[in-house]
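S.K.: If you count by this note's numbering, then the sequence shown holds residues 2 to 530, one letter each, in order.
Just so it is clear, CB atoms sit at the ideal spot from N, CA and C, and this is done for glycine as well.
Treat the numbers as computed from the prediction; the structure is a model and nothing was measured.
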Amino acid sequence: MASVSICANKISPPLSSQYTFANELNLFDEIQTAVAADPTFSQQTWSQDAVRDIMLSWTHSEWIPIVSIARDYVSNTITIKQRSKDQHSREHWWIPLNFASASAADFENTRVDYFMPPLEEVTLNASQLGIELGIHDWLIVNKQQTGFYHVLYNDANLWLIAKQLHDNYTVIHPLNRAAIFQDLGPLIENNEIQSVDVIFELLNYLQYEDNLMPWNQVADTITSLGKNLFGTPAYKLYTHFVRQLIRPMFRRLYEMPLAENLTNTETLARQKIMEMACFVDLQECLDYTHNLAHEYIFGNAKFDNDMSYYAMYETILCLGVRYLSDEEFNAILKLFGETQRDTLWYDDLIYSLRCTQSNSHLQQYLNFLLGENSTKSIMNDNESMMYLFYLFKSNHVARPVMWTFFESNYRVLCRSQLFVDNFNRIAEYLKRSNYEQFLNLRNMIAAELAKEGREKTLIAANSPRIGRKVKISETFLDKFNNQIYEWLRRHQQATHAASLGARSSATQIGHLFRVAGKFLRKVLIKKGR
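Below, the structure is given as structure tokens:
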């Protein structure tokens, strides 16, 4: 770059004009000159404008490319496709690719093996790319995430990667283990995958994973799958499956003394692991967060004494009140009348109780805040209506309770100028199965609003907004619910069979020792005679 000196807030001219770059093209040309002088670069490959072409394909783009890898296992060829993350864009890049395989699992050498030209698709033989690649080898692109692009693999290659992760996951670099889930996450959430079996096989290895980076990237996918499956026969199997995966890592992080000077990545990963563990009702997590929340609410404990807890205290409070006893819940409600309104502690209590998983506590809570006999001393009108929407959006257990509450209290709620706006927003999260109940409630609300001349503000019964926020989830279930249920059922049966086998072996060994013991006692008795 240009060599400059700064004096008295002025930038002096560069020492020599050879270091002056009028624009980015000059910069690229200087790099090209340096490349041409470097004997390690092939002049045949690096044409006169190669650097310009490569750099300009990146410096004026707003998006990140997605590279798709498909293999032909008979001809041992690799088809590489590229597209923009923006589906409406037609731009292409010069993309630096490097490769690791089961036969050449070197993740430390991150030099470029092949520059993909700005074409939609190329097909090359593995030997042309300089890759050692057997028919049963997995292939991974973008070692250590050195390139700024996402990578997607065909299912056959994902199965091979999953097998390696189960056999010995440390062979694959942790950054690439994380990248697998980072790149697959959006596809899973947008229903763009063909088969979920391989996804669950990849997830299944996590029970052995002790590096935080993969956990950091897989957290959103695990949470998203859980939300999609909530209320289905597969949900119980799914939570059991995730508890098996996450228990070893949770215990390693939270049953040992907390390390000092955690990085932001480590703090974030700890928070995500805690959220995943408690959302699937891992008992160790529920006990851990409940104890912390209890101390904060009733024992005047302060999270700001420990920055690692302070950074995620809202999460701890939410998870810690998921399963309160009736005595604890009523004690918290009593605290509202004894605590100064304008305090952070007071807001924390209101905000955290949204996470309760008890139907009776939710009903009691809604009546306390918004029912016929509630007062504005707890929340003002604006806060309560915004909170109503957020509670419905964030807590799946609360939704049927809230429909019942609306049916019983719609006249009171309609007195608020903001209720209809928030009811309209809630309608966007309506499931198909609840449409008749919604329609009946909407008609009752419409009649109530008509008395005040406000019915035009209510969402229409045939509005395209109704249910639009859950359409992706419902499409996901239409497509994959049976597959997921069958995979989880088979997995649970296999795990149970393995457990029975272990117990059976232990029983046989114990029986063998008992028989040997009896025989030995008989021998000793005979000798004693």
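Ile-317 and Leu-293: beta carbons closer than 7 Å?
M.R.: Taking the first residue of the sequence shown as position 1, residue 317 is located at position 316. Taking the first residue of the sequence shown as position 1, residue 293 is located at position 292. Their beta carbons are under 7 Å apart, which means Ile-317 touches Leu-293 by this criterion.
S.K.: Excluding the five sequence neighbours on either side, which residues of its own chain have a C-beta within less than 6 Å of the C-beta of Ile-162, listed in chain order?
M.R.: Counting from one through the sequence shown, the residue named residue 162 turns up at place 161. So the list reads Trp-139, once near-sequence residues are dropped.
S.K.: What residue range is occupied by the uninterrupted beta strand (DSSP E) comprising Ser-58?
M.R.: Translated into the one-based positions of the sequence shown, residue 58 becomes position 57. No beta strand (DSSP E) holds Ser-58; the alpha helix (DSSP H) holding it covers 51-60.
S.K.: To the nearest angstrom, report how far apart Phe-149 and Thr-340 are at their CA atoms.
M.R.: The count along the sequence shown starts at 1 and reaches residue 149 at position 148. The count along the sequence shown starts at 1 and reaches residue 340 at position 339. Rounded to the nearest angstrom, the two C-alpha atoms are 51 Å apart.
S.K.: Rounding to the nearest angstrom, what Cα-Cα distance links Leu-370 and Val-402 in this structure?
M.R.: One-based indexing of the sequence shown puts residue 370 at position 369. One-based indexing of the sequence shown puts residue 402 at position 401. About 14 Å.
S.K.: How long is the line joining the alpha carbons of His-492 and Asn-262, rounded to whole angstroms?
M.R.: In the sequence shown, the residue the question calls residue 492 occupies position 491. In the sequence shown, the residue the question calls residue 262 occupies position 261. Approximately 39 Å, taken between the alpha carbons.
S.K.: Determine the direct distance from the alpha carbon of Ala-38 to that of Asn-191, and round the result to whole angstroms.
M.R.: Position 190 of the sequence shown, counting from 1, holds the residue named residue 191. Position 37 of the sequence shown, counting from 1, holds the residue named residue 38. Rounded to the nearest angstrom, the two C-alpha atoms are 48 Å apart.
S.K.: What did DSSP end up calling Phe-100 once you bin it into helix, strand or coil?
M.R.: Position 99 of the sequence shown, counting from 1, holds the residue named residue 100. Reduced to three states, the DSSP call for Phe-100 is strand.
S.K.: Going by the CB atoms, is the gap between Arg-355 and Leu-392 shorter than 7 Å?
M.R.: For this step, residue 392 is matched to residue 391 along the sequence shown. For this step, residue 355 is matched to residue 354 along the sequence shown. Against a cut-off of 7 Å, the Cβ pair of Arg-355 and Leu-392 comes out as a contact.
S.K.: With DSSP run on the structure shown, which of helix, strand or coil describes Ala-127?
M.R.: Residue mapping note: residue 127 aligns to position 126 of the sequence shown, counting from 1. Three-state DSSP puts Ala-127 in coil, outside helix and strand.
S.K.: Using only CA atoms, which one of Phe-108, Val-123, Gly-372 and Lys-273 lies nearest to Arg-416?
M.R.: For the purposes of this step, residue 416 is identified with residue 415 of the sequence shown, where counting begins at 1. Minimum Cα distance to Arg-416 is reached at Gly-372.
S.K.: Determine the DSSP secondary structure at Ile-173, reduced to helix, strand or coil.
M.R.: Here the question's residue 173 lines up with position 172 in the sequence shown. Reduced to three states, the DSSP call for Ile-173 is coil.
S.K.: Between which two residues does the beta strand (DSSP E) holding His-89 run?
M.R.: Here the question's residue 89 lines up with position 88 in the sequence shown. Careful: His-89 lies outside any beta strand (DSSP E) and carries neither H nor E.
S.K.: Within 10 angstroms of the Cβ of Ser-353, are there 16 or more other Cβ atoms? Answer buried if so, exposed if not.
M.R.: Here residue 353 corresponds to residue number 352 of the sequence shown, with the count starting at 1. Buried, by the Cβ-count rule.
S.K.: Between which two residues does the alpha helix (DSSP H) holding His-215 run?
M.R.: The sequence position of residue 215 within the sequence shown is 214, counting from 1. According to the sequence displayed, residue 215 carries Pro and not His. Per DSSP, Pro-215 belongs to the alpha helix (DSSP H) from 213-230.
S.K.: Kindly list the residues whose CB is nearer than 6 Å to the CB of Asn-155, restricted to its own chain and excluding five residues on each side of it in sequence; keep chain order.
M.R.: Counting from 1 along the sequence shown, the entry for residue 155 is found at position 154. Hits under 6 Å: Ala-71.
S.K.: Nearest CA to the CA of Met-386: which residue from Glu-202, Cys-286, Asn-423 and Ser-359?
M.R.: If you number the sequence shown from 1, residue 386 lands on position 385. Ranking Glu-202, Cys-286, Asn-423 and Ser-359 by Cα distance to Met-386 puts Asn-423 first.
S.K.: With a Cβ-Cβ cutoff of 7 Å, do Lys-1 and Ala-101 count as a contact?
M.R.: One cannot answer for residue 1 here, as it falls past the ends of the chain, which runs 2 to 530.
S.K.: The alpha helix (DSSP H) with Asp-73 in it runs from where to where?
M.R.: Locating residue 73 in the sequence shown gives position 72, counting from the first residue. Not the alpha helix (DSSP H): Asp-73 falls in the beta strand (DSSP E), residues 66-73.
S.K.: On a Cα-Cα basis, can you pick out the residue from Asn-265, Met-275 and Tyr-236 that is closest to Thr-255?
M.R.: Looking up residue 255 in the sequence shown gives position 254. Position check: residue 255 holds Tyr in this sequence, whereas Thr was assumed. Measuring from the Cα of Tyr-255, the nearest candidate turns out to be Met-275.
S.K.: Quick check: Trp-94 and Pro-66, are their CB atoms within less than 7 Å of each other?
M.R.: As a working mapping, residue 94 is identified with position 93 in the sequence shown. As a working mapping, residue 66 is identified with position 65 in the sequence shown. It is a contact, given that the beta carbons lie within the stated cut-off.
S.K.: Are there three or more Cβ pairs, one per stretch, closer than 8 Å when the stretch 181-189 is compared with the stretch 231-240?
M.R.: no
S.K.: Do you know whose CA, among Ser-76, Glu-315 and Leu-130, lies nearest Arg-112's CA?
M.R.: Locating residue 112 in the sequence shown gives position 111, where the first residue counts as 1. The candidate whose alpha carbon is nearest that of Arg-112 is Leu-130.
S.K.: Quick check on this structure: which residue in Phe-280, Tyr-366, Leu-431 and Leu-134 has the alpha carbon closest to the alpha carbon of Leu-226?
M.R.: Counting from one through the sequence shown, the residue named residue 226 turns up at place 225. Each of Phe-280, Tyr-366, Leu-431 and Leu-134 was checked against the Cα of Leu-226, and the nearest Cα belongs to Phe-280.
S.K.: Between which residues of its own chain and Arg-490 is the CB-CB distance below 8 Å, once the five residues before and five after are set aside?
M.R.: Position 489 of the sequence shown, counted from the start, is the residue given in the question as residue 490. Contacts found: Leu-238.
S.K.: For Lys-82, does the three-state DSSP call read helix, strand or coil?
M.R.: The residue labelled residue 82 in the question sits at position 81 within the sequence shown. Of the three classes helix, strand and coil, the one that applies to Lys-82 here is strand, per DSSP.
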